[in-house]
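Asker: Residue numbering for the sequence shown follows my numbering, beginning at 93 and increasing consecutively. For glycine and all other residues, C-beta sits at the position ideal for the given N, C-alpha and C.
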Amino acid sequence: MPRGGRKAPLYEDDPLDEDPKDRQFVTALARGLEVLRCFRPGDAGLGNQDIAERTGLPKPTISRLTHTLTRLGYLKYADRQGIYQLGPGVLALGYSMLAGLDIRDRARPLMQELADQANASVALGSRDRLSMVYLECCRGQGAVTLRLDVGSRVPIATTAMGRALLASLPEAERAYLLGLMRDRFPDEFPKLEQGVERAIRDIETRGFCLSLGDWQGDVHAAAVPLLAADRSAVFGLNCGGPSFLLSPRKLEEEIGPRLVEIAKQLTLR
């Protein structure tokens, strides 16, 4: 459990876990990246003490890291508030990463078509530790949809997108991630494991899985795993929205099969 007795949300990842046996591991670099990772959507800015609490690193170390990252343009310092904010250098890195994913360009028109048909949100995501990060998102026109966009993070264990990805991973990798969840969320783990096991069965039998209020009580979604054409990466592709718009029957009879078709089209190209 995090400092102060606060219960960690299911999308929050563990602080840096350094391995003293790995001689190739550059600890200073890893710590600097952990500082950047600790900024979350909605943060107006963070002070050194805030960053120290989120990363688990000593405050003197944080002070040196934030100074260095500011000099390099990855952070900017607001002197009046005494806080740090992400700088343009981070945006440049993120844009370069997204620009290199050709699957986004190929998937976008198919995603938008489904989003318009379903009056819902359709998103493409990839795993980052115990979270899924949105790489592309399309919304239905005039619909009440989720307010998530590129860069948003959602938990891997309770979302349809995350479960679809977990179901498609090699058994050893999936077992490793489930072990991390067991250690980090012991109370919730039995339910999390049941959801993943159900997703594995659903992916095997019909090609898609569901999340019916498991992430947020009023949100329903279906998702499929999506392999890159060269099999070098796996993504999650979902369609989700308010439960009053996406009933289980609609997800099972319309949305899920359509996602399976889209995944096949993108994989075969």
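For Met189, count neighbouring C-beta atoms within 10 Å of its own C-beta (all shown protein chains included) and say buried if the count is 16 or more, exposed if not.
Answerer: exposed
Asker: Opposite Arg219 in the DSSP bridges: which residues?
Answerer: Met224
Asker: Considering only residues of the same chain and omitting the five flanking positions on each side of Gly374, which have a CB-CB separation below 7 Å?
Answerer: The question about residue 374 has no answer, for the chain in this structure spans 93 to 361.
Asker: Name the one or two DSSP bridge partners that Leu178 has.
Answerer: Leu167
Asker: Below 8 Å on the Cβ atoms is my contact criterion, and I expect Ser61 with Gly305 to pass it. Report the Cβ-Cβ distance as a whole number of Å.
Answerer: There is simply no residue 61 to check, as the chain begins at 93 and stops at 361 in what is shown.
Asker: Taking DSSP as the reference, what is the three-state secondary structure of Gly406?
Answerer: In the structure as shown, the chain starts at 93 and stops at 361, and residue 406 therefore has no counterpart that could be examined.
Asker: With Arg245 as the anchor, note down where its beta strand (DSSP E) starts and where it stops.
Answerer: Bounds of the beta strand (DSSP E) holding Arg245 are Arg245 to Pro247.
Asker: Is Leu161 helix, strand or coil when you go by DSSP?
Answerer: helix
Asker: Measuring alpha carbon to alpha carbon, tell me which residue in Arg221, Ala291 and Gln233 is nearest Ala252.
Answerer: Ala291
Asker: Note down, in chain order, each residue of its chain lying with its Cβ closer than 8 Å to the Cβ of Thr250, except the 5 sequence neighbours on either side.
Answerer: Leu102, Leu284, Gly287, Ser303, Asp306 and Trp307
Asker: In or out: Phe277 buried (at least 16 other Cβ within 10 Å) or exposed?
Answerer: buried
Asker: Measuring CA to CA, which of Pro340, Ser339 and Leu329 is closest to Leu206?
Answerer: Leu329
Asker: Assuming Phe327 is part of the alpha helix (DSSP H), what are its boundary residues?
Answerer: First-last for Phe327: Val326 to Pro334, but that is the beta strand (DSSP E), not the alpha helix (DSSP H).
Asker: When you compare the stretch 156-164 with the stretch 193-211, are there three or more beta-carbon pairs, one atom per stretch, that lie closer than 8 Å?
Answerer: Three or more beta-carbon pairs separated by less than 8 Å are not found between the stretch 156-164 and the stretch 193-211, which leaves the two stretches without contact.
Asker: Between which two residues does the alpha helix (DSSP H) harbouring Leu206 extend?
Answerer: Asp194 to Ala210
Asker: Does the contact criterion of 3 or more C-beta pairs under 8 Å hold for the stretch 171-188 versus the stretch 203-217?
Answerer: no
Asker: Could you give the residue range of the beta strand (DSSP E) that holds Pro282?
Answerer: Per DSSP, Pro282 belongs to no beta strand (DSSP E); it is in the alpha helix (DSSP H), Phe281 to Arg298.
Asker: How close, in whole Å, do the beta carbons of Cys364 and Ala210 come, if the pair is a contact with beta carbons under 8 Å?
Answerer: The structure shown does not extend to residue 364, since the chain spans only 93 to 361, so no value can be given for it.
Asker: Is the beta carbon of Val326 less than 8 Å from the beta carbon of Leu257?
Answerer: yes
Asker: Any idea if Arg255 is buried or exposed, counting beta-carbon neighbours within 10 angstroms, 16 or more meaning buried?
Answerer: buried
Asker: Just list the residues that DSSP pairs Pro317 with in beta bridges.
Answerer: Its beta-bridge partners are Gly328.
Asker: Rounded to whole angstroms, what's the CA-CA distance from Leu272 to Gly181? Just pull it up for me.
Answerer: 31 Å
Asker: Excluding the 5 residues preceding and the 5 following Leu240 in the sequence, name in chain order all residues of the same chain whose CB lies nearer than 8 Å to its CB.
Answerer: Shown here for Leu240: same chain residues with a beta carbon closer than 8 Å to its own, the five before and five after excluded, namely Ser213, Ala215, Tyr226, Cys229 and Val246 in chain order.
Asker: With DSSP as the reference, label Glu345 as helix, strand or coil.
Answerer: The three-state reading of DSSP puts Glu345 in helix, counting H, G and I together.
Asker: List the endpoints of the continuous beta strand (DSSP E) containing Leu302.
Answerer: Cys301 to Leu304
Asker: Mind checking which residues open and close the alpha helix (DSSP H) that includes Leu240?
Answerer: Taken as a continuous stretch (DSSP letters only), Leu240 belongs to no alpha helix (DSSP H), as it is neither H nor E.
Asker: Indicate the three-state DSSP secondary structure (helix, strand or coil) for Ser339 in the structure shown.
Answerer: Reduced to three states, the DSSP call for Ser339 is coil.
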